[in-house]
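Residue numbers (the numbering used here), protein chains in the order written: chain A, 1 to 165; chain B, 1001 to 1165.
For every residue, glycine included, the Cβ atom is placed at its ideal position computed from N, Cα and C.
Structure first, then comments.
There are 2 protein chains.
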Amino acid sequence: MSSSSPVILGIDPGTAITGWGVVTESQGTLQTLGFGVIRTPSTEPLPARLVTIYDELTALLQHHQPDAVAVEELFFSKNARTALSVGHARGVVLLTVAQRQAPLFHYKPSQVKQAVTGYGAAGKRQIQEMVRLLLNLEALPQPDDAADALAVAICHLHSTSHLSV
Amino acid sequence: MSSSSPVILGIDPGTAITGWGVVTESQGTLQTLGFGVIRTPSTEPLPARLVTIYDELTALLQHHQPDAVAVEELFFSKNARTALSVGHARGVVLLTVAQRQAPLFHYKPSQVKQAVTGYGAAGKRQIQEMVRLLLNLEALPQPDDAADALAVAICHLHSTSHLSV
């Protein structure tokens, strides 16, 4: 896709659910080319779940050939176990994108909220509603993880300063 | 290698340094087939460092063709940032091993200490000294991360109950 209509893949990493959303912008209008989630069953061993994330994300990168990938920076939870679990999935996501040499950018949660709603402390529902309006969708993008992924992709398109990971 | 002389790869994952050690047992005698560390420079972006871990670990798996891979379970640090960082590397390690379908086992730090020194609360230096003795090495295995990886491989060989990850 030409640089005038960049295709951005947003990702919200998690071991159980990794949200993804593809957004493009043409003549000032945003449009999604698809969104969804990669789910891995908690009954499977962790290594098998990470292979699923790797394989499905690889397929998404091949299918959409994004010009850039945007990932939300992690909120540093006080819970080390949660941070470790998200770290497993995020490590695999960063590896998969880097292996395909897609330019990778990251944004703080406050940057995503600011870029999507104009308000750095917006709530989850406000973000979903703004993502729906900006992408001209009939219904709220579901589940939350897909909406979050669309939001970070929109954030990348709206940001003037792109910080690489 | 035949099942009478199983080859075990032990791994101590970390973003900056991932220790590895290969141990085999023949007629009751332990022997190392190699040990070392995968280092990634802190000046590189995280995704590139994860690619280095993936590539070097893939090469180790291809070269040594281990019958099993043993990884130390994480100590849940109170520091969420540390847990996240180790999680990135550990996620990539588990993925890489699972993609090659090598059987994967994990052990608690106390199990490793117990298996190597007979004492669940042994110190780092005691573990290194016991690893040196058990493997009949002239010097202490260095760096610490390689010694830890050798210890978890020995733990797997000495364990009767193998818990998969």
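Taking only three categories from DSSP, how would you classify A:M1? Because the pLDDT at A:M1 is just 44, under 50, the model does not fix this residue reliably, and the value given afterwards should be weighed accordingly. In the structure shown, A:M1 sits in coil (DSSP, three-state: anything other than H, G, I, E or B).
Could you work out which residues of chain B lie near A:Q99, taking near to mean beta carbons separated by less than 8 Å? Ordered by position in chain B, the residues that pass the 8 Å Cβ test against A:Q99 are V1051 and Y1054.
Helix, strand or coil for B:Q1114? Go by DSSP, reduced to three states. B:Q1114 falls in the helix class under three-state DSSP.
So is A:V7 in contact with chain B if we call contact Cβ pairs under 8 Å? no
Alpha-carbon spacing of B:Q1128 relative to B:V1023, whole angstroms: 15 Å
So within the region 1016 to 1085 of chain B, which uninterrupted beta strand (DSSP E) runs reach at least 3 residues, ignoring any that extend past its ends? 1017 to 1026, 1029 to 1039 and 1068 to 1072
Output the boundary residues of the beta strand (DSSP E) element that contains A:L135. Taken as a continuous stretch (DSSP letters only), A:L135 belongs to no beta strand (DSSP E), as it is neither H nor E.
Positions along the region 1067 to 1089 of chain B whose CB lies within less than 8 Å of some CB in chain A: L1074, F1076, S1077, K1078, N1079, A1080, R1081, T1082, A1083, L1084, S1085, V1086, G1087, H1088 and A1089
What is the rounded straight-line gap between the Cα of B:N1136 and the Cα of B:V1116? 14 Å
Range of the contiguous beta strand (DSSP E) that encloses A:L150: Counting along the chain, A:L150 falls outside any beta strand (DSSP E), though it belongs to the alpha helix (DSSP H) covering D144 to H158.
Any chain B beta carbon closer than 8 Å to A:V92: With 8 Å as the cut-off, A:V92 counts as an interface residue toward chain B.
Which of the three DSSP states is assigned to A:L9 in this structure? Of the three classes helix, strand and coil, the one that applies to A:L9 here is strand, per DSSP.
Is DSSP giving B:L1094 helix, strand or coil here? helix
Excluding five sequence neighbours on each side, which residues of the same chain lie with their C-beta closer than 8 Å to the C-beta of A:V93? Same-chain partners within the cutoff: I11, P13, T18, I53, L57 and V71.
Can you round the beta-carbon distance between A:D145 and A:V37 to whole angstroms, since I take them to be within the 8 Å contact cut? Right, their Cβ atoms sit about 5 Å apart.
In whole angstroms, give me the CA-to-CA distance for A:H63 and A:Q126. Rounded to the nearest whole angstrom, the C-alpha separation of A:H63 and A:Q126 is 30 Å.
Could you tell me whether any Cβ in chain B is nearer than 8 Å to the Cβ of A:L137? no
Output, in chain order, the set of chain A residues within a Cβ distance shorter than 8 Å of B:A1048. A98
Residues in the region 103 to 118 of chain A having any Cβ partner in chain B nearer than 7 Å: Per Cβ criterion, the list reads L104.
Any C-beta of chain B under 8 Å from that of A:L61: Output row for A:L61: interface = no.
Quick check: A:P6 and A:D55, are their CB atoms within less than 8 Å of each other? no
Any idea if B:Q1065 is buried or exposed, counting beta-carbon neighbours within 10 angstroms, 16 or more meaning buried? exposed
CB B:L1050 to CB B:A1102, shorter than 8 Å? no
Whole-angstrom distance between B:G1021 and B:L1030, CA atom to CA atom: Their Cα atoms are separated by approximately 12 Å.
Suppose contacts are defined by Cβ-Cβ distances below 8 Å. Is B:H1088 in contact with B:L1157 by that definition? no
Closer than 7 Å by beta-carbon distance: list the chain A residues that pair up with B:L1095, in chain order. P47, L50, V51, Y54 and V92
Determine the direct distance from the alpha carbon of A:L133 to that of A:I154, and round the result to whole angstroms. 12 Å
What residue from B:A1016, B:P1109, B:F1035 and B:L1084 has the CA that sits closest to B:P1041's CA? B:A1016
So, under 8 Å CB-CB, B:A1083 and A:L74 are touching, yes? Tell me the CB distance rounded to an integer number of Å. Rounded, the Cβ-Cβ distance is 11 Å, inconsistent with contact.
Taking the alpha-carbon positions, what's the A:A187 to A:V97 distance? Because chain A spans 1 through 165 in this model, residue 187 of chain A falls outside it and cannot be assessed.
For A:P143, which residues in the same chain have their Cβ closer than 8 Å to its Cβ, ignoring the five residues on either side in sequence? I17, G19 and V37
Between which residues of its own chain and A:G120 is the CB-CB distance below 6 Å, once the five residues before and five after are set aside? S110, K113 and Q114
Kindly list the residues whose CB is nearer than 7 Å to the CB of B:S1026, restricted to its own chain and excluding five residues on each side of it in sequence; keep chain order. S1005
Based on Cα-Cα distance, which residue from A:I8, A:S159 and A:T43 lies nearest to A:K221? As shown, chain A starts at 1 and ends at 165. That puts residue 221 of chain A outside it, with no answer to give.
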